[in-house]
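Below is one structure; the comments refer to it alone.
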Ligand SMILES: Cc1ncc(COP(=O)(O)O)c(C=O)c1O
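Numbering (my numbering), first residue to last: 4 to 495.
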């Protein structure tokens, strides 16, 4: 018999005791840990060993019998079902074999750029366990309006909506969410859009990737900002586009440097990623003119447009463009939570039609239940209230960070910005931010080195990004002090 010593319950679990015992036994079965043809541990033995009641173990065995993993034999006890035991053994044997099979991609991908090798800004999975995680695109989970979201999910799950979200919607989105986006989020940004001009996406990333696929059919190059959001650069390349890198200055993308042969220009005008610069109105208008003259589309990634702390927001390019060439991309990742995966694209109906067809070929449609819940969340006023709270909280962190930077890192040049969720710094000569970031990690401080944002990583050698949304206010100043102390050591 298997030594019950190997069976232990997790220290914490959201499951009830019966289900924890079920999980324990079923995972031991999946790993083929129980000797063939021998009975499983008795209720008495297992309850004594696990410190749970005999009834709980008995209930767990009954459940495992119900789902067909275990059988009960008269007077002999419980056994792993024969067919399950056989399947388990053959899958373990084939897993062992698989590890010795050479990669089937080795020769076909030799010499090619592999998607898995592309530059990205990676944080350790356990970033939230670090004392000073100056990471980007993560929220403080205590801020998530869980009560309101639960209410929205409950409303969306009401049986009246069941017909809508439980069926295969083909290519369609939730009409409730389209209406809310149209009237509220887009309306607030001064964008007029008809339902046929809106597509809901699985985050802004999905919208960028759909456009990347569409432009690859057109076959013309994509102009991207340099430095740039690396995952946009990757999305365009993965789809097979050739890139043209365009520099950025304190007014945003330098429109004069956009080559004439591009089919699409990708830009982040609200807060340029990663420099945080807001594109001037003059540049926005110049870009619209160029789009008409050279016949290209503009992808306006309006990520985190809400987080402006200094002055009234600039009008989005989509609202200035009278030619219908701007594809506006928005997201609820920064303002609500990235894990919800809700973004949207606003464009000419022809673009939406083709993007929807591409989306259909990859995922049919995003989850309608989530879309309906978000529609309820917006309609109930919960999003507005949440945004007001977030803006206050982010603004106060931003002010602390600016103050701490002025005091502790005065020799780091800081990009002037109107807000956002991070700051962009240039270290003094003699500091390589890759080395600084590595060393800081050992002290529990996570920051983004500049290299990953540039086409030529060496251009980012002295650049550093500090995101301030995932740390409590009380830790911000201490974190900056640690960065300052390490910078002195790196320079020495
Ligand atoms: C500039 C920019 N665009 C798009 C995205 C992707 O956002 P989402 O989480 O909505 O897919 C990110 C994520 O960090 C971003 O920074």
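For glycine and all other residues, C-beta sits at the position ideal for the given N, C-alpha and C.
Can you tell me which of the options puts its alpha carbon nearest to the alpha carbon of residue i?
{"i": "residue 432", "options": "464, 440, 455 and 163", "result": "464"}
{"i": "residue 3", "options": "121, 72, 452 and 76", "result": "Residue 3 lies beyond the range of the chain shown here (4 to 495); nothing can be said about it."}
{"i": "residue 218", "options": "275, 133 and 358", "result": "358"}
{"i": "residue 420", "options": "286, 181, 494 and 313", "result": "313"}
{"i": "residue 46", "options": "418, 56 and 39", "result": "56"}
{"i": "residue 172", "options": "287, 367, 395 and 491", "result": "367"}
{"i": "residue 90", "options": "108, 77, 106 and 71", "result": "71"}
{"i": "residue 436", "options": "454, 178, 445 and 447", "result": "454"}
{"i": "residue 369", "options": "79, 175, 139 and 34", "result": "175"}
{"i": "residue 476", "options": "167, 247 and 398", "result": "398"}
{"i": "residue 145", "options": "389, 440 and 226", "result": "389"}
{"i": "residue 197", "options": "191, 186 and 204", "result": "186"}
{"i": "residue 434", "options": "378, 493 and 427", "result": "493"}
{"i": "residue 255", "options": "243, 287, 44 and 244", "result": "287"}
{"i": "residue 412", "options": "200, 487, 466 and 221", "result": "487"}
{"i": "residue 334", "options": "132, 189, 425 and 393", "result": "189"}
{"i": "residue 48", "options": "109, 81, 182 and 68", "result": "81"}
{"i": "residue 177", "options": "373, 400, 441 and 116", "result": "373"}
{"i": "residue 481", "options": "79, 410, 441 and 440", "result": "410"}
For residue i and residue j, what's the separation of their Cα atoms in angstroms?
{"i": "residue 229", "j": "residue 262", "result": "14 Å"}
{"i": "residue 122", "j": "residue 239", "result": "13 Å"}
{"i": "residue 210", "j": "residue 58", "result": "52 Å"}
{"i": "residue 337", "j": "residue 275", "result": "15 Å"}
{"i": "residue 311", "j": "residue 142", "result": "17 Å"}
{"i": "residue 332", "j": "residue 458", "result": "23 Å"}
{"i": "residue 322", "j": "residue 194", "result": "5 Å"}
{"i": "residue 159", "j": "residue 20", "result": "30 Å"}
{"i": "residue 15", "j": "residue 154", "result": "26 Å"}
{"i": "residue 529", "j": "residue 393", "result": "In this structure the chain extends from 4 to 495, so residue 529 is not present and cannot be described."}
{"i": "residue 267", "j": "residue 403", "result": "39 Å"}
{"i": "residue 440", "j": "residue 136", "result": "12 Å"}
{"i": "residue 151", "j": "residue 205", "result": "21 Å"}
{"i": "residue 395", "j": "residue 183", "result": "24 Å"}
{"i": "residue 79", "j": "residue 18", "result": "30 Å"}
{"i": "residue 117", "j": "residue 391", "result": "42 Å"}
In three-state DSSP terms, what is residue i?
{"i": "residue 80", "result": "strand"}
{"i": "residue 562", "result": "Within the shown structure, residues of the chain are numbered from 4 to 495, placing residue 562 beyond reach of any answer."}
{"i": "residue 416", "result": "strand"}
{"i": "residue 291", "result": "helix"}
{"i": "residue 124", "result": "coil"}
{"i": "residue 262", "result": "coil"}
{"i": "residue 348", "result": "strand"}
{"i": "residue 317", "result": "coil"}
{"i": "residue 311", "result": "strand"}
{"i": "residue 109", "result": "coil"}
{"i": "residue 57", "result": "helix"}
{"i": "residue 466", "result": "strand"}
{"i": "residue 269", "result": "strand"}
{"i": "residue 38", "result": "coil"}
{"i": "residue 216", "result": "helix"}
{"i": "residue 241", "result": "helix"}
{"i": "residue 280", "result": "coil"}
{"i": "residue 196", "result": "coil"}
{"i": "residue 166", "result": "helix"}
{"i": "residue 136", "result": "strand"}
{"i": "residue 451", "result": "strand"}
{"i": "residue 229", "result": "strand"}
Can you give me the Cβ contacts of residue i inside the same chain, cut-off strictly under 6 Å, excluding the 5 residues immediately before and after it?
{"i": "residue 83", "result": "32 and 37"}
{"i": "residue 273", "result": "305 and 308"}
{"i": "residue 134", "result": "447"}
{"i": "residue 279", "result": "418, 420, 423 and 427"}
{"i": "residue 63", "result": "21, 24 and 25"}
{"i": "residue 10", "result": "27"}
Near residue i, which residues of its chain fall below 7 Å by C-beta distance, leaving aside the five closest residues on each side in sequence?
{"i": "residue 164", "result": "375"}
{"i": "residue 138", "result": "126, 130, 449, 470 and 473"}
{"i": "residue 76", "result": "82"}
My guess is that residue i and residue j are in contact by the Cβ rule of under 8 Å, so how many angstroms apart are they, rounded?
{"i": "residue 73", "j": "residue 53", "result": "Actually they do not touch by this definition, with Cβ atoms about 17 Å apart."}
{"i": "residue 265", "j": "residue 236", "result": "With a Cβ gap of about 14 Å, residue 265 and residue 236 do not count as contacting."}
{"i": "residue 345", "j": "residue 377", "result": "5 Å"}
{"i": "residue 249", "j": "residue 215", "result": "So it is not a contact: roughly 17 Å between Cβ atoms."}
{"i": "residue 212", "j": "residue 242", "result": "7 Å"}
{"i": "residue 140", "j": "residue 341", "result": "6 Å"}
{"i": "residue 552", "j": "residue 303", "result": "Since the first residue of the chain shown is 4 and the last is 495, residue 552 is not available in this structure."}
{"i": "residue 203", "j": "residue 347", "result": "5 Å"}
{"i": "residue 400", "j": "residue 479", "result": "6 Å"}
{"i": "residue 385", "j": "residue 148", "result": "6 Å"}
{"i": "residue 289", "j": "residue 258", "result": "4 Å"}
Here's a check: name, in chain order, each residue in its chain whose Cβ is nearer than 8 Å to the Cβ of residue i, leaving out the five neighbours to either side.
{"i": "residue 328", "result": "291, 294, 295, 299, 300, 301 and 351"}
{"i": "residue 415", "result": "408, 428, 429, 430, 431, 467 and 490"}
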